[in-house]
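Undergrad: Top line first, the protein sequences correspond to chains X and F.
Each residue of the first sequence is one higher than the one before, counting from 1 in our numbering.
Each residue of the second sequence is one higher than the one before, counting from 1001 in our numbering.
The beta carbon of each residue, even a glycine, is placed where N, CA and C say it ideally should be.
As the structure is a prediction and not an experimental result, all values here were calculated from the model.
What follows is a single structure, and I will ask about it in a moment.
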Amino acid sequence: EAGVTQSPTHLIKTRGQQVTLRCSPISGHTSVYWYQQALGLGLQFLLWYDEGEERNRGNFPPRFSGRQFPNYSSELNVNALELEDSALYLCASSGDSYTGELFFGEGSRLTVL
Amino acid sequence: GDSVTQMEGPVTLSEEAFLTINCTYTATGYPSLFWYVQYPGEGLQLLLKATKADDKGSNKGFEATYRKETTSFHLEKGSVQVSDSAVYFCALIRTGTASKLTFGTGTRLQVTL
């Protein structure tokens, strides 16, 4: 069974640019979560999608947005990139949002110059 | 709001030493508690969990007991191996709600020969 896959694995952008990160959940999982892992800050919750709808949002500015497609894959978009957006962006999927058992991808490492 | 506090790392131990990583939490009600592990270059994976007070989660020689009176969920292992070198994250989710995981900042463990 394929795990959670994310793309791209690494990317470099400059300030002010826009980026789109992609995530494919485990087959049969309908919930997708996005987390930001910046150096020294642990995992900060960004967004949660379930059945195509945004269920919860973390304390991030509106330039962080996303969506979930009918096949449950998801995109994270970040506009007007800032230097502090440099981080590892982790996607996770779950088959049951009540359990807390998430399956993580390996992440997309974004560097903003 | 919900929060998780972990001991700061890095923790450096010799192989076969005893490991304790402290974790305390603040949450409304009675959360479920988790330890996730992130090996170098990989995404997070669930290590163990406990869903109610006095439950003990265990996996791969690691253990953690849910202590409601001290709001703690400390991770222990009797004899660490070099292969246990990783970053360990304590996390919680509110029981009975479809919600997001709240993570601690992570503790890096380095085991040497």
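Quick check: is the beta carbon of L21/X nearer than 9 Å to any beta carbon in chain F?
TA: No, L21/X lies away from the interface with chain F (no Cβ there is under 9 Å from its Cβ).
Undergrad: Could you work out which residue in V1004/F, C1023/F, E1016/F is closest to L1075/F when comparing CA atoms only?
TA: The candidate whose alpha carbon is nearest that of L1075/F is C1023/F.
Undergrad: Quick test of the definition: if touching needs 3 or more C-beta pairs under 8 Å, does the stretch 36 to 55 of chain X touch the stretch 1064 to 1078 of chain F?
TA: No, the stretch 36 to 55 of chain X is not in contact with the stretch 1064 to 1078 of chain F.
Undergrad: Less than 9 Å between the C-beta atoms of P1010/F and T1095/F, yes or no?
TA: no
Undergrad: Can you name the residues that DSSP bridges to G1078/F?
TA: Paired residue(s): none; G1078/F is not in a bridge.
Undergrad: Just mark P1040/F as buried or exposed, buried being the case when its beta carbon has 16 or more other beta carbons within 10 Å.
TA: exposed
Undergrad: Measuring only between beta-carbons, confirm whether S7/X sits less than 9 Å from chain F.
TA: Not an interface residue.
Undergrad: Report yes or no: do the stretch 4 to 24 of chain X and the stretch 1055 to 1071 of chain F share at least 3 C-beta pairs separated by less than 8 Å?
TA: Between the stretch 4 to 24 of chain X and the stretch 1055 to 1071 of chain F there are fewer than three inter-stretch CB-CB distances shorter than 8 Å, so the stretches are not counted as touching.
Undergrad: How long is the line joining the alpha carbons of Y1030/F and T14/X, rounded to whole angstroms?
TA: Rounded to the nearest angstrom, the two C-alpha atoms are 44 Å apart.
Undergrad: Within its chain, find whatever has a CB closer than 8 Å to the CB of K1068/F; leave out the 5 residues flanking it on each side and keep chain order.
TA: Y1030, A1053, D1054
Undergrad: Using beta carbons (cut-off 9 Å, strictly below), is E106/X in contact with chain F?
TA: yes
Undergrad: Exposed or buried, what is D1084/F when buried is set at 16 or more other beta-carbons lying within 10 Å of its beta-carbon?
TA: When all chains shown are included, D1084/F counts as buried.
Undergrad: G66/X lies in the beta strand (DSSP E); which residues open and close that run?
TA: 64 to 68
Undergrad: Just tell me which of L88/X, L47/X, L113/X, T99/X has its CA closest to the CA of F60/X.
TA: L47/X
Undergrad: Give the residues of chain F in contact with L43/X, contact being defined as C-beta atoms less than 7 Å apart.
TA: F1089, F1103
Undergrad: Between the stretch 1021 to 1043 of chain F and chain X, which residues of the former have a C-beta closer than 9 Å to a C-beta of the latter?
TA: Within the stretch 1021 to 1043 of chain F, the residues whose Cβ lies closer than 9 Å to some Cβ of chain X are P1031, S1032, L1033, F1034, Y1036, Q1038, G1041, E1042, G1043, listed in chain order.
Undergrad: Using 9 Å as the limit for Cβ to Cβ distance, is S1085/F near chain X?
TA: no
Undergrad: What are the boundary residues of the beta strand (DSSP E) that includes R15/X?
TA: Premise fails: R15/X is in no beta strand (DSSP E) and is neither H nor E.
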